[in-house]
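To start, the structure under review is shown below, and the notes come after it.
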Amino acid sequence: MKPLRSFRVKLIAILLGLLGTLATSVGFYYGVYERLGLESLTLDLRFRHFDRGIRDSRAICVVAIDDGSLSSVGQRPWPRTYLAQMVNLLGKMNSKEVLVDLVFSKVRGETSLGSEENDSFADFGEDESLARACQRHGRTILSCYFNEIPANREIFDLLVSDLTLGVETLAEKTGMGIEAVEAVSSPTRKLAIRQRVTMELSINPGIEKFELAKKILGANWLTQTEALTGIERAYDQARAYQYLRYKAGNAGWMIANGGHWPSLKSLGWNTQMELPISLLAERCSDVGFVNFEPDSDGKILGVHLLGTYDKMIFRQLAMAGICRHWQVTANRVKIYPQTITLEGEMNAEPAKDSLLLPTGQTGRVDIPLTREGKLIVNWYAPNGDQWWKSVGNIIPAETLLKIAMNQETLKQNQYLLENAVEIAVKNLQPESYEKYVRLQKQISMLEEHLEIMPKEESTREESAEENPIQPTTTSAPATTIEEDLIAKIADAKKQVKAIELSAHEQLEWLYQDRATLTPAEQNRAENRLVLDLWRSLNRPDEIHRINEDLKATIEGQMAEVD
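Pasting the structure below:
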């Protein structure tokens, strides 16, 4: 009996094992475990306890706005001039691509059509400074995101046709109750404004903001403050969208003939894009989305890499960077049920330690996807949710910003040393500055003419010898042309010297007043200029020493981040 019983036990164990394997396979095939959250749990366990041999790529560097940077520099939002300085520095450090995981969807320091107050931290020139940095670098990719608006389609269509419709009119036309309309009116109106402005700009790309507001809102457009504010924001975003579509068309990321790409996250009619402001959208090289969708357990285990919207193919920020680096266009992207294959130009081979390794075919990269079409991105690190602290190649934003600011200070000091006198005249004698510049140009022109004098007739006496018959006069002896030029140069220099002396005297007086201020007061821009100008003119050796110290500091800082 024992052998038979033993055989039955073994048979039952084998059958149970087969049934368990079958159940596991069926559950996996139909995505049961993903829906129950079990797949996420097993992924967490695998990432936590099993080393898959994946290492950080030294070709990728994360510039982190971490707690230390926020404590040292200040809480966000930082001035965009700071970000511009960091982009400029990354360009000097020969970065191939710069991906900025921040969305700049609001204009800084610009007057508004409506009554919306500007950010108190805003500063005129911030956007232009960042835009110049993006353009100068040439390969800066900014962020956008898609926002699903809880809007009502019927109300949306009515408002697109007439934005002046009120809640009561909308309720009457739709048959909905007043309260039901009020619940969705505000977000639906914002979406409708964006759509209407985009439509008007597609018809007349050159229409100005004020003209557009008047066309949409009618004769009483100036009194509709809330709508004006919405139109202003929508106008800039619509401009940005125009630039984005233009770039997408040039780079081959438009869907031809309205074709459909399978396995992509498709975005609906009530999706609103939050893009970089139009100035930045125009100057940056590309834009990538930064949307994340938590899984059923609340963790972010994967991200969509591609999305379609308005016949355009949008790429996640990192995906946009990869495509830009390898010059991948839509016709080089192949999508399979659980894989995206990229085939790029071969002038940008992945580094040996790259996170994306070639599959054996030159220039081909296979990216594995989940059943939901996502790339798995979650992994357990010693620092838990603060994953960036576990990245090997990381630079605190504070460090990069200090280097950039030191370089800017060095540049300004050198400029002051070379141009202190002219800067003093421009700022302290503005009423004489135009004359000062004109005299400087006159001196330069006269001195240039004086240098070529030997090639020309140089004296009036030589001219007189050619015409010997002259009336008798008692006037002073004729002077040479050369002597005339020398006299004019001397007179112009005398006037220049007088202007410079006046500016210097005023600077001395201002310096005596500023020198007694507290350090905090001295650091104010207008006071700092006076003090720096005075030192540049009276103690240039001190500025030279400061510059040498700055150079040494910058070299040390650069050595730390290389």
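For the sequence shown, my numbering begins at 752 and goes up steadily by one. Quick reminder that beta carbons are idealized off the backbone N, C-alpha and C, glycines included.
Task: Alpha carbon of N1298 to alpha carbon of L1056, nearest angstrom - done: In the sequence shown, residue 1298 corresponds to position 547, counting from 1. In the sequence shown, residue 1056 corresponds to position 305, counting from 1. If I take the Cα positions, the gap works out to 47 Å.
Task: Pairwise C-alpha distance: M837 and Q1158 - done: Position 407 of the sequence shown, counted from the start, is the residue given in the question as residue 1158. Position 86 of the sequence shown, counted from the start, is the residue given in the question as residue 837. Here the alpha carbons of M837 and Q1158 stand approximately 11 Å from one another.
Task: Y1187 vs I1250 beta-carbon contact at 8 Å - done: Taking the first residue of the sequence shown as position 1, residue 1187 is located at position 436. Taking the first residue of the sequence shown as position 1, residue 1250 is located at position 499. Yes, the Cβ-Cβ distance between Y1187 and I1250 is below 8 Å.
TODO: Could you tell me which of L773, R831, E1199 sits nearest to R883, measuring between CA atoms?
DONE: Mapped onto the sequence shown, residue 883 falls at position 132. Nearest C-alpha to R883: R831.
Task: Whole-Å CB distance - G1039 paired with L1068, under 8 Å assumed - done: Translated into positions along the sequence shown, residue 1039 becomes position 288. Translated into positions along the sequence shown, residue 1068 becomes position 317. About 3 Å separates the CB atoms of G1039 and L1068; that is less than 8 Å, so the two are in contact.
- [ ] Helix, strand or coil for I1091, going by three-state DSSP, please let me know.
- [x] Numbered from 1 along the sequence shown, position 340 holds the residue referred to as residue 1091. Correct three-state label for I1091: strand.
Task: Rounded C-alpha distance that separates F1065 from I1145 - done: Along the sequence shown, read from residue 1 onward, the residue named residue 1065 stands at position 314. Along the sequence shown, read from residue 1 onward, the residue named residue 1145 stands at position 394. Rounded to whole angstroms, F1065 to I1145 spans 27 Å at the Cα level.
- [ ] In the DSSP assignment, find the alpha helix (DSSP H) that holds N1278 and state where it starts and stops.
- [x] The residue labelled residue 1278 in the question sits at position 527 within the sequence shown. Start and end: 1276-1289.
Task: Helix, strand or coil at A1132 [DSSP, three-state] - done: Locating residue 1132 in the sequence shown gives position 381, counting from the first residue. Residue placement at A1132 cannot be trusted, given a pLDDT of 46 that sits under 50; the coordinates are not used to answer.
Open item on the list: With a threshold of 8 Å, are at least 3 pairs of Cβ atoms found where one atom belongs to the segment 1167-1182 and the other to the segment 1277-1288?
Closed with: Three or more Cβ pairs drawn from the segment 1167-1182 and the segment 1277-1288 lie within less than 8 Å of each other, which places the two stretches in contact.
Task: Pair within 8 Å by beta-carbon distance, I906 and T920 - done: By one-based count along the sequence shown, residue 906 stands at place 155. By one-based count along the sequence shown, residue 920 stands at place 169. Between I906 and T920, the C-beta gap is not smaller than 8 Å, which leaves the two residues out of contact.
Open item on the list: DSSP three-state label for N1157, please.
Closed with: Here residue 1157 refers to the residue found at position 406 when the sequence shown is read from its first residue. Looking at N1157 - three-state DSSP - the assignment turns out to be helix.
Open item on the list: Rounded to the nearest angstrom, what separates A1318 and L1197 at their Cα positions?
Closed with: It is not possible to answer for residue 1318, since the shown part of the chain is limited to 752 through 1313.
- [ ] Give me the Cα-Cα distance between R947 and W1004, rounded to the nearest whole angstrom.
- [x] As a working note, residue 947 is residue 196 in the sequence shown. As a working note, residue 1004 is residue 253 in the sequence shown. About 25 Å.
Task: H1076 to N845 span [Cα, whole Å] - done: In the sequence shown, residue 1076 corresponds to position 325, counting from 1. In the sequence shown, residue 845 corresponds to position 94, counting from 1. Approximately 14 Å, taken between the alpha carbons.
TODO: Using only alpha-carbon positions, find the residue among T891, W1285, G1053 that is nearest to A1266.
DONE: Within the sequence shown, residue 1266 is the residue found at index 515, counting from 1. Cα-wise, what sits closest to A1266 is W1285.
Task: Terminal residues of the beta strand (DSSP E) in which M1005 lies - done: Counted from its first residue, the sequence shown places residue 1005 at position 254. Unbroken run through M1005: none, as it is neither H nor E.
TODO: Say whether the segment 1024-1038 touches the segment 981-1000, bearing in mind that this needs 3 or more beta-carbon pairs closer than 8 Å, one atom from each stretch.
DONE: Three or more beta-carbon pairs separated by less than 8 Å link the segment 1024-1038 to the segment 981-1000, which places the two stretches in contact.
TODO: Look at G1072 and T1121 and say whether their C-beta atoms are less than 8 Å apart.
DONE: Taking the first residue of the sequence shown as 1, we reach residue 1072 at position 321. Taking the first residue of the sequence shown as 1, we reach residue 1121 at position 370. It is not a contact, given that the beta carbons lie outside the stated cut-off.
TODO: Going by DSSP, name the residue or residues bridged to N898.
DONE: For this step, residue 898 is matched to residue 147 along the sequence shown. Q1023, per the DSSP bridge assignment.
Open item on the list: Tell me which residues share the same chain as A1303 and place their Cβ nearer than 6 Å to its Cβ, disregarding the 5 neighbours each side in the sequence.
Closed with: On the sequence shown, residue 1303 is found 552 positions in, with the first residue counted as 1. Within the same chain, A1303 has no close Cβ partners at all.
Task: Nearest-angstrom Cβ-Cβ length linking G981 and I954, presumed shorter than 8 Å - done: The residue given as residue 981 occupies position 230 in the sequence shown. The residue given as residue 954 occupies position 203 in the sequence shown. About 19 Å separates the CB atoms of G981 and I954; that is not less than 8 Å, and the two are not in contact.
TODO: For P1119, write down the residues that DSSP places opposite it in a beta bridge.
DONE: Indexing the sequence shown from 1 puts residue 1119 at position 368. Bridge pairing for P1119: T1090 [DSSP].
Open item on the list: At the level of alpha carbons, what is the spacing between Q1043 and I1091?
Closed with: As a first step, residue 1043 is located in the sequence shown; it is residue number 292 there, counting from the start. As a first step, residue 1091 is located in the sequence shown; it is residue number 340 there, counting from the start. Sequence check: residue 1043 is Phe here, not Gln. Spanning the two alpha carbons is a distance of roughly 19 Å.
- [ ] Grab me the residues of V851's own chain with a C-beta within less than 8 Å of its C-beta, minus the 5 sequence neighbours each way, in chain order.
- [x] Numbered from 1 along the sequence shown, position 100 holds the residue referred to as residue 851. Same-chain partners within the cutoff: L834, V838, T891, I892, L893, S894.
- [ ] Given a cut-off of 8 Å, decide if A964 and L979 are closer than it, judged by their beta-carbon atoms.
- [x] What you label residue 979 is simply residue 228 of the sequence shown in a count that begins at 1. What you label residue 964 is simply residue 213 of the sequence shown in a count that begins at 1. Yes, these two residues count as a Cβ contact at 8 Å.
Task: Counted within 10 angstroms of its Cβ, other Cβ atoms place E951 as buried (16 or more) or exposed - done: In the sequence shown, the residue the question calls residue 951 occupies position 200. Under this definition E951 is a buried residue.
Task: Residues bridged to Q1067 [DSSP beta-bridge criterion] - done: By one-based count along the sequence shown, residue 1067 stands at place 316. Q1067 has F1040 as its beta-bridge partners, per DSSP.
TODO: With DSSP collapsed to three states, give me the class of E1199.
DONE: The count along the sequence shown starts at 1 and reaches residue 1199 at position 448. Looking at E1199 - three-state DSSP - the assignment turns out to be helix.
Task: Spatial distance of A922 from S936 (CA atoms) - done: Mapped onto the sequence shown, residue 922 falls at position 171. Mapped onto the sequence shown, residue 936 falls at position 185. Annotation: A922 to S936 spans about 10 Å, alpha carbon to alpha carbon.
Task: Own chain, CB closer than 7 Å to G889, minus 5 neighbours either side, in chain order - done: In the sequence shown, residue 889 corresponds to position 138, counting from 1. Closer than 7 Å at Cβ, skipping near neighbours: S1036.
Task: Cα-Cα separation, A902 to R984 - done: Stepping through the sequence shown from its first residue, residue 902 is reached at position 151. Stepping through the sequence shown from its first residue, residue 984 is reached at position 233. C-alpha separation (whole angstroms): 19 Å.
Task: Alpha carbon of S1287 to alpha carbon of L1167, nearest angstrom - done: Residue numbering aside, residue 1287 sits at position 536 when the sequence shown is read from its first letter. Residue numbering aside, residue 1167 sits at position 416 when the sequence shown is read from its first letter. Cα to Cα, the separation comes out at about 6 Å.
Task: Spatial distance of A970 from W829 (CA atoms) - done: Working through the sequence shown from its first residue, we reach residue 970 at position 219. Working through the sequence shown from its first residue, we reach residue 829 at position 78. If you draw a straight line from the Cα of A970 to the Cα of W829, it is about 40 Å long.
- [ ] Could you please give the first and the last residue of the uninterrupted alpha helix (DSSP H) stretch that includes P938?
- [x] Here residue 938 is taken as the residue at index 187 of the sequence shown, counted from 1. Taken as a continuous stretch (DSSP letters only), the alpha helix (DSSP H) holding P938 covers 929-954.
Open item on the list: Could you check whether T1160 and L1301 sit closer than 8 Å to each other, using their CB atoms as the reference points?
Closed with: One-based indexing of the sequence shown puts residue 1301 at position 550. One-based indexing of the sequence shown puts residue 1160 at position 409. In contact: L1301 and T1160 (Cβ atoms closer than 8 Å).
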